[in-house]
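There are 2 protein chains.
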Amino acid sequence: MSEDFQSWMGAVQAEVEVALGERLPAVSAIPARLHDAMRYAVLGGGKRVRPLLTFAAGELVDARPECRIAAALAVELIHAYSLIHDDLPCMDDDALRRGRPACHIEFDEATALLAGDALQSRAFELLATPGLADPQRQIEMLALLARASGSLGMAGGQAVDLASVGRPLNQPELELMHAMKTGALIRAAVLLGAASGETALSAAELLKLDHFSKRIGLLFQVVDDVLDCTASTATLGKTAGKDAAADKPTYVSLLGLEEARRYAEDLYQEACSALAGFGTRANRLIRLADFICHRPF
Amino acid sequence: MSEDFQSWMGAVQAEVEVALGERLPAVSAIPARLHDAMRYAVLGGGKRVRPLLTFAAGELVDARPECRIAAALAVELIHAYSLIHDDLPCMDDDALRRGRPACHIEFDEATALLAGDALQSRAFELLATPGLADPQRQIEMLALLARASGSLGMAGGQAVDLASVGRPLNQPELELMHAMKTGALIRAAVLLGAASGETALSAAELLKLDHFSKRIGLLFQVVDDVLDCTASTATLGKTAGKDAAADKPTYVSLLGLEEARRYAEDLYQEACSALAGFGTRANRLIRLADFICHRPF
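Sequences listed follow chains A and B, in order. Residue numbers for the first sequence follow the working numbering, so the first one is 351 and each next one is one higher. Residue numbers for the second sequence follow the working numbering, so the first one is 351 and each next one is one higher.
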């Protein structure tokens with residue numbers, strides 16, 4: 351990883367962390383325990399991959415800083431809420447997240463449920479801050495985030511995932527599930543970044559960017575499956591080997607470890623190719639794809 | 351209840367039911383079980399008080415039908431998601447809703463959790479349909495709904511409610527809790543209706559309408575507490591006497607039954623007075639306040 355890219359990542363992560371802290375309700379506001387739980391689940395952890403993608407896609411369009419940060423935070427809050435709900439006993443029942451007790455362990459189940467619910471509302475509230483972009487485009491951005499989050503996107507992917515436990519899925523079924531569960535929000539992160547600028551991309555450019563976003567969404571999941579099987583719980587900050595233990599279908603169980611790694615490389619190359627026409631403006635996106643593909647955790 | 355008002359209510363309820371059915375994903379769409387649960391929780395029940403308020407407030411401003419119905423459905427979907435999550439074992443743990451098994455009983459907890467999550471997303475998606483209103487106003491409507499749903503509104507009210515079990519609240523504390531838990535979304539229903547027209551209300555008119563909406567939000571809860579203590583489970587379609595059994599503070603426990611009834615009458619009169627300047631345009635809103643105050647269930 352080049353020094354320039356690493357310092358860019360660090361700067362974006364720091365900006366996102368500060369902005370999240372500022373735009374989540376203070377613990378001093380009633381109800382204090384709920385706000386404490388929301389802040390606990392969102393702050394102080396996470397690689398912020400989705401905000402990084404929003405910022406990187408923003409480089410294609412001269413992103414307006416206020417719009418870019420609102421889009422990045424909105425996507426991250428949706429992601430954070432989904433993790434809280436995923437970890438609940440009725441879902442994955444996981445006690446560990448980002449190396450700390452999961453929200454429902456640190457607080458309680460009811461508070462965790464409501465914290466997730468309220469984070470989803472807060473995501474839409476942030477993206478509905480007046481004046482972020484041309485109003486019509488801002489409404490399209492809100493619609494895009496809502497679609498990506500709902501029953502045909504992330505929440506729907508969770509439901510498909512639940513239904514798949516103990517049932518053999520073939521590769522197309524597995525890809526549909528992940529395209530919804532992880533892919534939809536990663537795609538939203540990229541497309542919202544590309545919508546946050548003064549200028550708009552052409553339809554042809556948007557198609558290419560969309561292809562990129564779908565490839566890295568899938569890439570993210572394939573690498574996740576590989577790491578779930580090869581990395582330790584301490585490294586991951588969440589329970590390792592969980593999918594195999596739960597008899598959930600993964601790319602590793604479907605393709606084997608070596609073939610899954612090769613598939614990740616192919617997806618990475620394909621993602622890069624999709625951006626060939628953008629020139630140096632796409633450098634950050636390509637570096638992020640590299641990071642997603644080759645991250646150690 | 352006059353025949354005219356009754357037939358208007360029936361017509362709005364029917365329009366809302368049809369529109370909900372059309373704008374929720376079909377059960378045939380993947381993931382089928384999730385969509386089935388979403389439709390189960392939303393369709394075929396409920397008095398549709400919030401959509402009725404949106405429609406009635408729309409009479410103040412010559413509401414655009416497309417905007418009015420989208421606002422009404424968005425509020426109702428937020429309400430429906432909150433009921434699903436409320437009934438979960440980690441919250442109120444209630445098996446009965448609208449005279450039928452609660453969503454997590456009819457399906458399962460994980461599906462109910464995700465159905466609630468996806469209904470929230472769908473609410474914002476509906477209200478972000480392009481072209482409903484002047485775009486800037488539409489963004490303000492989205493922000494209003496998000497605020498009303500989040501940690502300083504409905505979800506926050508739930509958290510305050512949870513924290514209050516077994517703890518004596520005084521009347522101001524109880525009113526703050528209900529202003530958030532029930533009041534915020536009722537207020538949103540009214541204000542979104544008033545924002546769905548070709549014309550806008552003046553600042554002075556908005557203040558009066560806002561006062562009305564806050565009074566009926568509280569009225570709704572006071573009557574709910576009275577009914578919880580006087581009506582049967584069969585009549586309510588949900589478990590009666592639950593609040594007293596859970597040692598939750600209610601207006602009846604705080605004021606006694608007779609005083610709570612008198613308080614409801616006062617709130618009703620105050621709500622009507624707030625609308626005095628609107629003339630006949632406010633007739634439906636006043637009839638709805640009457641309905642909320644004197645409903646038998």
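From the three backbone atoms N, C-alpha and C, an ideal C-beta is built for every residue, glycine too.
Return the first residue and the last residue of the alpha helix (DSSP H) that residue i is part of.
i      : result
P522/B : Q521 to H528
I455/A : C453 to E456
S552/B : S552/B -> no alpha helix (DSSP H), and no H or E assigned at all.
F628/A : That residue, F628/A, is in no alpha helix (DSSP H); it is neither H nor E in DSSP.
L331/B : Nothing in the structure corresponds to residue 331/B, since chain B is present only between 351 and 647.
G507/A : M504 to S514
S471/B : E459 to L477
A498/A : P485 to S499
I536/A : A534 to A544
A376/A : Where A376/A is concerned, there is no enclosing alpha helix (DSSP H), given that its DSSP letter is neither H nor E.
Is the CB-CB distance between residue i and residue j below 8 Å?
i      : j      : result
V572/B : A534/B : no
R497/B : G503/B : yes
L605/B : V411/B : no
L477/A : L492/A : yes
G547/B : A413/B : yes
A462/A : C453/A : yes
R645/B : F355/B : no
L469/B : A538/B : no
L625/B : K531/B : no
L393/B : G371/B : yes
A639/A : L569/A : yes
A614/B : V576/B : yes
I536/B : R373/B : no
K397/B : V515/B : no
L607/B : C579/B : yes
L375/B : S501/A : The question names Leu, yet the displayed sequence has Pro at residue 375/B. Taking 8 Å as the Cβ cut-off, P375/B and S501/A qualify as a contacting pair.
Within 7 Å: the Cβ of residue i and any heavy atom of the ligand MG?
i      : result
A391/A : The model depicted lacks the ligand MG and carries no ligand whatsoever.
I'd like the list of long-range same chain contacts for residue i, defined as Cβ closer than 6 Å, with 5 residues on each side in sequence excluded.
i      : result
A407/B : V540, G543 and A544
E409/B : R631 and R634
R472/A : L427
A364/B : none
Y601/A : V572, D575 and A610
A499/A : Per the sequence shown, residue 499/A should be read as Ser rather than Ala. Correct list, in chain order: I428.
Tell me which same chain residues have a C-beta within less than 7 Å of the C-beta of residue i, skipping the five on either side of it?
i      : result
F405/B : V362, R418, A422 and G543
T479/A : A420
A465/B : L384, A387, M388, A391, I434 and C453
E416/A : L482
M359/A : L402
A379/B : H385
If you drop the 5 nearest sequence neighbours on each side, which residues of the same chain put their C-beta closer than 8 Å to that of residue i?
i      : result
E456/B : A387, Y390 and R450
L526/B : V510
M441/A : H435, Q508 and L512
V425/B : R400, P401, T404, A473, L495, L535, A538, A539 and L542
D443/B : D437
C643/B : L569, V573, A614, E615, L617 and Y618
Check: Can you list the alpha helix (DSSP H) stretches of 4 or more residues lying completely in the segment 393–419 of chain B, in chain order?
Finding: 399–408
Notebook entry, point to check: Pairing CB atoms from the segment 520–537 of chain B with CB atoms from the segment 486–494 of chain A, are three or more of them under 8 Å?
Noted result: no
Check: Does the segment 548–566 of chain A touch the segment 609–629 of chain A, meaning 3 or more C-beta pairs lie closer than 8 Å?
Finding: yes
Check: Quick check: the segment 419–434 of chain B against the segment 376–396 of chain B, are there 3 or more CB pairs under 8 Å?
Finding: yes
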